[in-house]
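The numbering used here numbers the first residue of the sequence shown as 119 and each following residue consecutively. Heads up, the beta-carbon is just placed ideally off N, CA and C, and yes, glycines get one too. Here the structure is laid out as structure tokens; the discussion comes afterwards.
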Amino acid sequence: MAERQSANTVDGHALLYLTDEQLRQGIEAMFFAYRGFTADPDRILEGMSYGRAHHRALHFIQCAPGTTVNNLLAILGVTKQSLNRVLRTLIEDGLVTSHVGRSDKRERHLTLTEAGAALEQQLSDAQRVRMRDAYRKAGPEAVSGFKTVLEAMMDDDMRQAYIALREGR
């Protein structure tokens with residue numbers, strides 16, 4: 119006999135009833151929150167001829183010093199040409215160093231210089247202030263729920279990269 123499903127579950131998953139309008143409002147909130155989240159670093163980078171791609175590269179090189187170009191490509195999801203343009207600028211400006219791999223000479227390992235680490239710190243500090251304030255206003259349950267929602271929105275391969283990055287610290 120087939121197991122009867124509750125009206126509140128489908129395929130064993132509990133349903134959360136949200137209208138299309140509520141979902142649209144959530145999508146809009148994400149767009150506006152992202153604009154706020156990136157506004158502070160954008161202002162810092164504005165006078166330096168750098169953009170968000172430079173910021174993201176600095177951030178993830180800081181998170182995983184010695185990371186390879188291929189790993190950075192996978193994390194950022196950009197083309198090799200696009201990343202090479204960003205890395206060339208950061209290297210020429212003395213913010214990132216690139217070293218040939220010891221075991222695989224085709225690999226390039228990336229680290230931040232002191233100047234690169236200082237810029238990354240300044241950019242991340244600006245975002246931490248905004249995040250800390252938002253978390254404080256929302257409270258611990260909302261913070262936990264927000265983290266759960268963000269992780270649930272990630273594709274499986276991105277979630278694995280996210281987990282690997284966190285565990286590598």
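- request: If I'm right that A192 touches A279 with Cβ under 8 Å, what's the distance once you round it to whole angstroms?
  value: 7 Å
query: Roughly how many whole angstroms lie between the Cα atoms of M271 and G144?
result: 13 Å
task: Answer yes if the stretch 246–255 comes into contact with the stretch 161–180, meaning at least three C-beta pairs across the two stretches below 8 Å, and no otherwise.
output: no
task: Could you pull out every residue in the same chain whose Cβ sits closer than 7 Å to the Cβ of A236, ignoring the five residues on either side in sequence?
output: none
- prompt: From what residue to what residue does the alpha helix (DSSP H) around T207 run?
  reply: K198 to E210
task: Could you check what DSSP says for S167 in three-state terms: helix, strand or coil?
output: coil
Residues near R226 by beta carbon distance below 6 Å, same chain, minus five either side: V187 and S216
query: So L213 packs on T231, CB below 8 Å; how close in whole Å?
result: 6 Å
message: Does T185 come out as helix, strand or coil in the three-state DSSP assignment?
response: strand
query: Are the beta-carbon atoms belonging to R224 and L194 less than 8 Å from one another?
result: no
- prompt: Can you check whether the CB of H177 is closer than 8 Å to the CB of S221?
  reply: no
- prompt: With DSSP run on the structure shown, which of helix, strand or coil describes L141?
  reply: helix
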